[in-house]
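Numbering-wise, the sequence shown is residues 0 to 285 according to numbering that gives the first Met the number 0.
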Amino acid sequence: MQFERLGDLRDPAVVIAFSGWNDAGNAASDSALYFLEKYPNEEFGRIDDERYYDFQATRPNVRRAPDGPWLQWPHTTLQLVRHPDRDLLVVVGPEPSLLWRSYVHELVDRIKLVEPGMVVLLGAMLSDTPHSRPLPVNMYSFDSGLRDRFTLGTSEYEGPTGIIGVVNQFLMVENIPTISLWVSVPHYVATPPNPKAQQAVLTQLSDALQISLELDDLPAEADKWTAAVDELSQEDPDVAEYIEQLEEAKDASDVEDATGDAIAAEFERYLRGRQGPDAGSGENRG
């Protein structure tokens, strides 16, 4: 599989995830790596500069090969992925430790080479969501076109940010349409992997990118993960009671969210998803 010219890319989009602070349960980075495991891809480039890393915080790994051990140093890889529906640039690596502005300038310069129609930034955060309920995924954008297209809001967050927030800001300056996609991971079971969170991310990501994804055994793995957490939680009455309280709070919140405005917004998304070549015929819904 060869990408002979960047101009030959089909409606390219970019998916970005970093392990570390923005990646509870590895849900974001595992979702990005999914594309590299499932679809043909080739290296577009890498950011492999030791100035960006504190090796006491992000250590190199020793790997084994037939001819002996070798060191894998922290780096960011950029892979061009040939998905059946559109071409993707998948960016994945550990969150850098140092020189963030220089790092992000270098990353954004490389992203601009593929002239993406959109960039999706993946993140995962610890929250009070119960493992036994669907894990919430929130998407927001500061691009008016994407907000209208997907009925998204903007983030009102103020406070410390990770590298995802910095990349988002730099992309905004370059007028590159960007969506931030965050999954909530139960804080009491944050050890990776988390197939349920990964499934939630990929399901929403497929909608954002308007592509189909083959999840294969992931739904079954998510069910096994949920069952395993159920079993472990029942061994401790205090933990079981705490989870029950989270479930009650989540169920009550879901009822409150089922307002007329929420239903109308969901219906609008449904109609937008059905629009195709014949969408211009019939009644004008505008």
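Using N, Cα and C, we set each Cβ at its ideal position, and we do this for glycine too.
Computed from a predicted structure; not experimentally measured.
Pairwise C-beta distances place the stretch 145-154 out of contact with the stretch 182-190, as fewer than three of them are shorter than 8 Å. In this structure, E42 lies away from L87, with their beta-carbon atoms at least 9 Å apart. Between N21 and the set P129, L204, L120, M171, the nearest pair of CA atoms involves L120. In summary, V61 is exposed, with fewer than 16 beta-carbon neighbours lying within 10 Å of its beta-carbon over all protein chains present. With respect to S30, L145 sits apart: the two C-beta atoms are not nearer than 9 Å. Secondary-structure assignment with DSSP links S18 through a beta bridge to P93. Per the coordinates, the alpha-carbon of D10 lies some 37 Å from the alpha-carbon of S131. The C-beta separation of P115 from A12 comes to about 5 Å, placing the pair in contact by the 8 Å criterion. Between the alpha carbons of V107 and S140 lies a distance of about 18 Å. CA-CA distance, R148 to R45, rounds to 32 Å. Just measuring C-alpha positions, the residue of D7, L8, I15 sitting nearest G164 is I15. Contact check between the stretch 88-103 and the stretch 65-79: three or more CB pairs, one atom from each, fall below 8 Å, which counts as touching.
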